[in-house]
Amino acid sequence: MTRAWATLWTRSQAAAADRHTIVELGAPSPVLMERAALCCAREALAMRGDLPVWALCGPGNNGGDGVAVARILHGWGVPARAFLLSERMSPELAEQVALAEKLGVPIERGLPQGQAEALIVDAMLGTGAAPPLRQPFVAAVTWANARSGPKLSIDIPTGLDADTGAAPGPVFAADRTVTFVRSKPGLHVTPGRAASGEVVVADIGIVSQDMSDETCLIDPCEVARSIAGLKPGSHKGERGHVGIVGGSAGTPGAAVLAGAAALRAGAGLVTIATDDRGAGAAAGAPAGVDGAAPRRRAGAGGEGAGGRARLGARGGPGGAGGIMVGRPAGGGVGCVGAGRDRGAIGDAAGDHAAPGGGGSLAVREDR
Ligand SMILES: NC(=O)C1=CN([C@@H]2O[C@H](COP(=O)(O)OP(=O)(O)OC[C@H]3O[C@@H](n4cnc5c(N)ncnc54)[C@H](O)[C@@H]3O)[C@@H](O)[C@H]2O)[C@@H](O)CC1
Ligand SMILES: [K+]
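First residue of the sequence shown: 0, per numbering that gives the first Met the number 0; consecutive thereafter.
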């Protein structure tokens, strides 16, 4: 399978790539910062309308990006200011402040005063920071979120856990986030996804050395390409049989959704083995279908377009070519008749299921 899916960098992977590019390859840090700021300044220009731009800058290199954005916009004739929110400054930030001051860019200390509308640029904290957020950034994020104007985050929204998307305190609510080289997992996971707005990935020339354990963002187009189309005139029996084990009595939702998804993806036959007798009807299968289940004799089955419901006739889900296993409510152990030669997918709690063939649960890439 071709994996042209977008890769994501965690905080430590981003830091390793920065180090590799700057220390080992010798790319000058200010050059990378200039590229980062140029990309962000272009986005700010597109977002601001007629508004001035105010960059809220933290003590590290994310703050350095913010000062550089204000300088670049100032050079383009945009009313832009940088606001330094901390007494501390990384060497790169200090260089940016010195350069901006020489060029007459307004640099101020503390939060902006007054109620004028502006595009707020969040250059407070980036991938070098770990939540929970400390002062003065808690107050600054709260102040910014109470304003109605557009908001742009540099690299990640301040307050967000870049690795998990968790928000243990206030998080800057961005309309757009310009993130560098690779996006970050936290920008795509709730609640971080909502705080990040539109995510723009800007290649600023940082390269990684070892990305063997990198995480990928699944591209729906790539997934669609990897699923074979139906042959005209093909029979339901040629389109695969998916077995689903899951859904306790009264809570069949996940099993039902998995069954409906399998049918929509083109499976010829779906078998749901569940403790919940209503699951088959809920999944769109003809009523009254019954069959073998892992723990009790209750179950439901359905077939794709034009198919006839059947369950148990092929030994329940054990007859399936691929099996999905959910965890029964209450943490019981599922028992699946999946052999080593069949694909099995466990859910987040799939480690509680025991494949009957003795093999471990795994996602097979072939079909
Ligand atoms: N040359 C480089 O290394 C480049 C860095 N870039 C920018 O630099 C950022 C990373 O810079 P840094 O590593 O300096 O780190 P950051 O600027 O993200 O943050 C570091 C600062 O945050 C403070 N901090 C950490 N956790 C905090 C918390 N919970 N509450 C309050 N303060 C906290 C630390 O004391 C430190 O002063 C990237 O996100 C990116 O925006 C880009 O300019 C590209 C090039
Ligand atoms: K930021």
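Beta carbons: idealized from backbone N, C-alpha and C, even for Gly.
Looking at the unbroken beta strand (DSSP E) that takes in residue i, where does it start and where does it end?
i	result
Gly242	His240 to Val244
Leu216	Thr214 to Leu216
Ala128	No beta strand (DSSP E) contains Ala128, which DSSP labels as neither H nor E.
Thr270	Leu268 to Ala272
Glu23	Looking at the DSSP string, Glu23 is not in any beta strand (DSSP E), and its letter there is neither H nor E.
Ala107	Just to set this straight, residue 107 is Glu in the shown sequence, not Ala. It spans Ile106 to Arg108 - the beta strand (DSSP E) in which Glu107 sits, taken as one unbroken run.
Is residue i helix, strand or coil by DSSP?
i	result
Met32	helix
Glu197	strand
Lys230	coil
Met323	strand
Val206	coil
Asp121	strand
Lys101	helix
Val66	helix
Val180	coil
Thr6	strand
Leu92	helix
Arg18	helix
Ser11	helix
Arg41	helix
Arg192	helix
Leu83	strand
Leu55	strand
Glu116	coil
Shortest alpha-carbon distance to residue i belongs to which of the options?
i	options	result
Glu100	Leu83, Gly320 and Ala193	Leu83
Glu23	Gln208, Leu37 and Leu110	Gln208
Ile226	Ala129, Ala14, Gly239 and Ala253	Gly239
Gly204	Glu221, Thr214, Gly125 and Arg181	Arg181
Ala81	Pro131, Gly103 and Ala272	Gly103
Gly158	Ala194, Gln95 and Gly113	Ala194
Trp75	Asp174, Leu44, Asn61 and Gly246	Leu44
Arg70	Arg192, Met88, Gly321 and Ala97	Ala97
Thr9	Ala257, Arg34 and Ala128	Ala128
Ala173	Thr20, Pro190 and Thr163	Pro190
Leu186	Pro167, Asp162 and Pro251	Asp162
Met123	Gly57, Ala115 and Ile106	Gly57
Gly125	Ala138, Ala145, Ser11 and Pro105	Ser11
Glu94	Gly228, Leu50 and Met32	Met32
Val137	Ser247, Gly232, Val170 and Leu55	Val170
Pro90	His73, Ala115, Leu110 and Asn61	Asn61
Val241	Lys230, Leu229, Gly148 and Leu262	Leu262
Just the Cα atoms here: how many angstroms apart are residue i and residue j?
i	j	result
Leu151	Ser28	23 Å
Phe179	Ala201	5 Å
Arg224	Asp218	10 Å
Gly141	Val269	The amino acid at residue 141 is misidentified as Gly; the sequence shows Thr. Near 50 Å, if we compare the C-alpha coordinates of Val269 and Thr141.
Glu213	Ala14	14 Å
Ala117	Cys39	16 Å
Ala266	Thr20	47 Å
Ala79	Glu42	14 Å
Gln112	Leu7	37 Å
Glu86	Val222	49 Å
Ala5	Gly196	18 Å
Pro105	Leu72	12 Å
Arg108	Leu50	21 Å
Pop quiz: residue i and residue j are said to be a contact at Cβ under 8 Å. What is the actual Cβ separation, rounded to whole angstroms?
i	j	result
Val206	Ala16	7 Å
Asp65	Val120	The sequence given here places Gly at residue 65; Asp does not occur at that position. With 8 Å as the limit, Gly65 and Val120 qualify as a contact, their Cβ atoms being about 6 Å apart.
Asp154	Pro130	With a Cβ gap of about 14 Å, Asp154 and Pro130 do not count as contacting.
Val68	Ala36	5 Å
Ile243	Ala254	5 Å
Gly168	Pro184	At roughly 19 Å, the Cβ-Cβ gap does not stay under 8 Å, so Gly168 and Pro184 are not in contact.
Ala143	Leu55	7 Å
Ala257	Met323	5 Å
Gly321	Gly246	In fact, because the Cβ distance is near 17 Å, the residues do not count as touching under 8 Å.
Leu110	Ala139	6 Å
Considering residue i, what are the terminal residues of the alpha helix (DSSP H) in which it resides?
i	result
Phe136	Phe136 to Asn144
Leu256	Gly252 to Arg263
Glu221	Pro219 to Ser225
Ser152	No alpha helix (DSSP H) contains Ser152, which is instead part of the beta strand (DSSP E) from Lys150 to Ile153.
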